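Q:
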Amino acid sequence: SSGTFPIVAWKRGSETMWGLEAIMLSAGTNVEWLRDDLGIIDSVAASHDIAQQCADTEGVVYVPALLGLGTPNWDYGARGTLLGITRGTARPHIVRAVLEGVAQRGADLVDAAEATTGLTIPSLRIDGGMSANPTFTQALANATQRTVEISPVLEATTLGAAFLAGLSVGTWGGLDDIAATWKPLRVVEPAGDANRERWASAIERASGWHADLSTFDF
Numbered sequence: 089s090s091g092t093f094p095i096v097a098w099k100r101g102s103e104t105m106w107g108l109e110a111i112m113l114s115a116g117t118n119v120e121w122l123r124d125d126l127g128i129i130d131s132v133a134a135s136h137d138i139a140q141q142c143a144d145t146e147g148v149v150y151v152p153a154l155l156g157l158g159t160p161n162w163d164y165g166a167r168g169t170l171l172g173i174t175r176g177t178a179r180p181h182i183v184r185a186v187l188e189g190v191a192q193r194g195a196d197l198v199d200a201a202e203a204t205t206g207l208t209i210p211s212l213r214i215d216g217g218m219s220a221n222p223t224f225t226q227a228l229a230n231a232t233q234r235t236v237e238i239s240p241v242l243e244a245t246t247l248g249a250a251f252l253a254g255l256s257v258g259t260w261g262g263l264d265d266i267a268a269t270w271k272p273l274r275v276v277e278p279a280g281d282a283n284r285e286r287w288a289s290a291i292e293r294a295s296g297w298h299a300d301l302s303t304f305d306f
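Here it is as structure tokens:
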């Protein structure tokens with residue numbers, strides 16, 4: 089019901105470590121859409137500077153469903169939605185709304201993971217291209233109301249594979265040795281209310297836009 093999937097994180101001998109996968113169908117793609125299709129930013133990196141030209145979105149909400157919605161909704165008929173536009177809405181409001189919308193979806197994934205496992209996720213560690221965007225990382229901290237630690241390595245999955253390879257040949261004495269190497273590039277604390285109630289309303293409006301696709305399951 090939470091739309092998550094069990095995965096094997098790693099296996100060493102007879103020991104298997106399981107993980108949980110929660111999926112967002114589009115994240116950075118939404119920022120690329122602003123650049124490549126709408127042409128309202130010159131680069132992905134510029135989205136932060138432009139978003140900083142306004143203190144908030146002034147009520148504009150963006151649902152990043154360009155490819156539908158993944159966890160927890162799994163609605164392939166949902167579509168990207170921009171709500172709350174007025175004559176006063178300008179480029180910075182839209183750019184900020186896109187970054188905050190992706191962050192809100194991130195919070196949905198965290199909620200789904202907790203609902204599935206019954207565990208509490210006290211803080212987040214993130215990597216990837218959007219982890220370099222301070223507007224996004226602050227929005228994620230606000231939406232989840234959790235501390236967000238930014239990985240110093242942009243593609244940390246590759247580093248994790250290297251750590252496991254080192255563990256198998258004795259470079260590392262154990263998982264505790266690997267864990268001790270963690271030093272976040274930045275730490276972001278929650279600094280505002282993300283209005284999750286309004287977000288839930290926006291998700292409802294974006295859902296089921298193409299009814300036939302919304303009934304598709306796998």
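For the working numbering, add 88 to where a residue sits in the sequence shown, where the first one is 1.
All C-beta atoms in this analysis are idealised placements derived from N, C-alpha and C, irrespective of residue type, glycine included.
Since this is a predicted model, take the numbers as computed values, not measurements.
Within this structure, are the beta carbons of Ala294 and Val96 separated by less than 8 Å?
A: Translated into positions along the sequence shown, residue 294 becomes position 206. Translated into positions along the sequence shown, residue 96 becomes position 8. No. Outside cutoff.
Q: List the DSSP bridge partners of Tyr276.
A: Taking the first residue of the sequence shown as 1, we reach residue 276 at position 188. Contrary to the premise, residue 276 reads as Val rather than Tyr in this sequence. According to DSSP, which records beta bridges pairwise, Val276 is partnered with Val236.
Q: For the 8 Å Cβ check, are there 3 or more pairs between the region 181-198 and the region 265-277?
A: In short, these stretches do not touch, since the Cβ pair count stays below three.
Q: Counting Cβ pairs closer than 8 Å, one from the region 138-157 and one from the region 167-180, do we hit at least three?
A: A contact exists between the region 138-157 and the region 167-180.
Q: Given this structure, state the Cα-to-Cα distance separating Leu242 from Gly216, to the nearest angstrom.
A: Residue numbering aside, residue 242 sits at position 154 when the sequence shown is read from its first letter. Residue numbering aside, residue 216 sits at position 128 when the sequence shown is read from its first letter. The alpha-carbon atoms of Leu242 and Gly216 are separated by roughly 5 Å.
Q: Go to Ser135, then tell me how far its alpha helix (DSSP H) extends in each direction, as first and last residue.
A: Locating residue 135 in the sequence shown gives position 47, counting from the first residue. Note, Ser135: alpha helix (DSSP H), 134-139.
Q: DSSP three-state label for Ser289, please.
A: Here residue 289 refers to the residue found at position 201 of the sequence shown. Correct three-state label for Ser289: helix.
Q: Helix, strand or coil for Ala249 per DSSP?
A: Here the question's residue 249 lines up with position 161 in the sequence shown. Three-state result, Ala249: helix.
Q: CB of Ala231 to nearest heavy atom of the ligand NAD: below 7 Å?
A: Summarising the ligand content, the structure contains no ligands, and the ligand NAD is consequently not present.
Q: Suppose you measure from the CA of Ala115 to the CA of Leu263; what does that come to, to the nearest Å?
A: The residue given as residue 115 occupies position 27 in the sequence shown. The residue given as residue 263 occupies position 175 in the sequence shown. Spanning the two alpha carbons is a distance of roughly 31 Å.
Q: Output the distance between the C-alpha atoms of Gln233 and Ala268, rounded to the nearest integer angstrom.
A: Within the sequence shown, residue 233 is the residue found at index 145, counting from 1. Within the sequence shown, residue 268 is the residue found at index 180, counting from 1. Between Gln233 and Ala268, the C-alpha separation is close to 25 Å.
Q: Using CA atoms only, rank isn't needed, just tell me which of Tyr164, Pro210, Leu155 is closest to Asp300.
A: As a working note, residue 300 is residue 212 in the sequence shown. Of the listed residues, the one whose Cα sits closest to Asp300 is Tyr164.
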